[in-house]
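For the sequence shown, position 131 matches number 157 in our numbering, and the numbering has no gaps at all. Even for Gly, the Cβ is constructed at its ideal location relative to N, Cα and C. Okay, so here's the structure we're looking at.
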Amino acid sequence: MRNRYTILIMLFLSSIFASASMADETLNATVDRAWGLLLGDEVNVRVDISSVELGINKSSLPQQEKRYGTWLYLKTIDVDVETLVFHYQVVNVPVKNTSIETPKFDVKQQDEKWIVIPSIPLTIGPSLAVAGGISNLEAKSDISPTLISTVEAKQQLKLFVMVAILSGLVLAFWHFGWKTKNRQPFAQAVHDLSRLTFHTVTPDQAARILHTAFNHTSGTIVVYGELEKLMNQYPWLMPLKNDIELFYKQSELHFFARKAEQGPDINDVRKLAKACRSKEMLA
């Protein structure tokens, strides 16, 4: 029985000595901010390891990105030759100001000896400083929104509408008034022929449109016998003399002969009108 007690006492003493040998050196630590800490604040614990000759065994450092205790979260650890920096963040706060301590860690040196990272006291406070209960809180009224002036936008819109209306009027006047009024005879003939579809236009209509262009060009009614006079008066028609004479012969046989023959071909009339328009534009 005595031997059993003796063994227990020896084991107890050996554990004490082992613990003492494991953490036989405590390092100096400082904190950049020890009070007034609120939820989300960061605090940095700086540990001086200049006295550690062989350096720190990094594998013995505590796990990073982990919550330690109720209040603090260890984000990262910066390891330098002379300094260890523990970056904490406050992830929980009490209902009133409370004193806490940073975690205490045992780390190894390169020679397998243990050293102690001491804890540092901190003071953390609640998210809201409430005196006498939340019922005493006075909520601020909503801030009136800043009104944006629409005067400039309205003026620009009015200007745009006026410009659009004016442009539309000018375009309509040019298309239906000035353009038609100032269109030359053969250009007008091509325009009129293009408005007639092949299903509705007849040889008579096509021929009359082209005759009208020749009449307006000369200022009088042009007949087959006066084509030479027309060519002399408007020499730019001379390259088309044969086509013009053929057109007038066909028209004369169709409109004035006792036995009316087929009128000029519609396609030929269109081609002659376009050819005359080309010469007219260059004249």
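Cβ pair residue i, residue j closer than 8 Å
i: residue 64; j: residue 105; result: no
i: residue 215; j: residue 299; result: yes
i: residue 78; j: residue 115; result: no
i: residue 133; j: residue 146; result: no
i: residue 111; j: residue 70; result: yes
i: residue 229; j: residue 292; result: yes
i: residue 75; j: residue 87; result: no
Whole-angstrom distance between residue j and residue i, CA atom to CA atom
i: residue 56; j: residue 150; result: 17 Å
i: residue 296; j: residue 281; result: 19 Å
i: residue 82; j: residue 99; result: 22 Å
i: residue 80; j: residue 129; result: 24 Å
i: residue 89; j: residue 122; result: 30 Å
i: residue 263; j: residue 196; result: 34 Å
i: residue 260; j: residue 273; result: 17 Å
i: residue 270; j: residue 222; result: 22 Å
i: residue 94; j: residue 59; result: 18 Å
i: residue 301; j: residue 188; result: 42 Å
i: residue 169; j: residue 186; result: 36 Å
i: residue 175; j: residue 193; result: 29 Å
i: residue 182; j: residue 173; result: 19 Å
i: residue 252; j: residue 245; result: 13 Å
i: residue 101; j: residue 91; result: 4 Å
i: residue 294; j: residue 184; result: 52 Å
Nonlocal neighbours in the same chain, by C-beta distance under 8 Å from residue i, ignoring five residues either side
i: residue 124; result: 149, 150, 151
i: residue 227; result: 219, 292
i: residue 45; result: Unreliable placement is indicated for residue 45, whose pLDDT of 45 sits below 50; no coordinate value is reported for it.
i: residue 62; result: 149, 151
Residue from the options whose Cα sits closest to the Cα of residue i
i: residue 276; options: 301, 233, 258; result: 233
i: residue 73; options: 260, 84, 143, 264; result: 143
i: residue 209; options: 265, 179, 243; result: 243
i: residue 109; options: 180, 84, 101, 168; result: 84
i: residue 231; options: 173, 248, 290; result: 290
i: residue 67; options: 245, 91, 113; result: 113
i: residue 139; options: 184, 101, 91, 52; result: 52
Buried or exposed by the 16-neighbour rule on C-beta atoms within 10 Å, applied to residue i
i: residue 191; result: exposed
i: residue 218; result: buried
i: residue 303; result: buried
i: residue 198; result: exposed
i: residue 96; result: exposed
i: residue 239; result: buried
i: residue 127; result: exposed
i: residue 177; result: exposed
i: residue 306; result: buried
i: residue 236; result: buried
i: residue 179; result: exposed
i: residue 265; result: exposed
i: residue 171; result: exposed
i: residue 248; result: buried
Min CB distance residue i to chain B below 8 Å
i: residue 66; result: Checking the listed chains, one finds no chain B in this structure; it contains a single protein chain.
Same chain, Cβ closer than 7 Å to residue i, five either side skipped, listed in chain order
i: residue 267; result: 257
i: residue 250; result: 274, 275, 278
i: residue 153; result: 64, 65, 119
i: residue 131; result: 88, 143
i: residue 241; result: 247, 248
Residue i beta carbon near the ligand GTP (any heavy atom closer than 7 Å)
i: residue 273; result: Summarising the ligand content, the structure contains no ligands, and the ligand GTP is consequently not present.
6 Å CB neighbourhood of residue i in its chain, flanking five on each side removed
i: residue 213; result: 303
i: residue 117; result: 99
i: residue 47; result: Annotation note: pLDDT 45 at residue 47 (below 50); position unreliable, no value reported.
i: residue 137; result: 80
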